[in-house]
Amino acid sequence: MKSAISWFEIPVTDYNRAKKFYTTVLGIGITDHPMPDGTMEYGVFDYKPEEEGVGGAIFKGDDAKPSMEGVTVYLNGGNDLSLPLSRVERAGGKVLLPKTDIGENGFFALLKDTEGNKVALHSMS
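Structure (structure tokens):
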């Protein structure tokens, strides 16, 4: 096992708004994969499983309930957390905790996305 995490899903209430938020903040694409029966909008964050290992998605469906409570997903903030963090509020989110030094483990920040989810960003610088 490479990682304790193999996949994550972030619930959203407005798929297109959330897709725009995450693509803007993270600077990566999200590929649409709607369910064939039309019950769910689903978008996968662009990643290379053979290199990065863990992937994830945003989804809108009957069970999609954004939350500020519970598990916190730490998204890859790239080489310097300051860059994606600078895009959060412009993209409609809110920075809850600014870039914070966690010593040898790098840096993290907490934010609220456009859907009402608490998520985190992490980088080594």
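Going letter by letter, the sequence shown gives residues 1 to 125 in UniProt numbering. We put the beta carbon where it would ideally sit given N, CA and C, even for glycine. Everything numeric in this text was worked out from a predicted model, so none of it was measured.
Check                                                                                               : Outcome
Option in Ser6, Phe21, Ile5 with minimal Cα separation from Lys112                                  : Phe21
Backbone secondary structure at Glu9 - three-state DSSP                                             : strand
Identified DSSP bridge partners for Lys118                                                          : Lys112
Where Phe44 sits in the DSSP three-state scheme                                                     : According to the sequence shown, residue 44 is Val rather than Phe. Correct three-state label for Val44: strand.
Neighbourhood of Ser82 by C-beta, 8 Å cutoff - its chain only, sequence neighbours within 5 removed : Lys99
Buried/exposed call for Asn117, threshold 16 Cβ in 10 Å                                             : buried
Contact check, Ser86 vs Phe107, beta carbons under 7 Å                                              : no
Option in Gly29, Met35, Glu69, Val71 with minimal Cα separation from Lys60                          : Met35
For Glu69 and Arg17, the rounded distance between their alpha carbons                               : 21 Å
CB of Ile30 within 7 Å of CB of Phe45, strictly                                                     : yes
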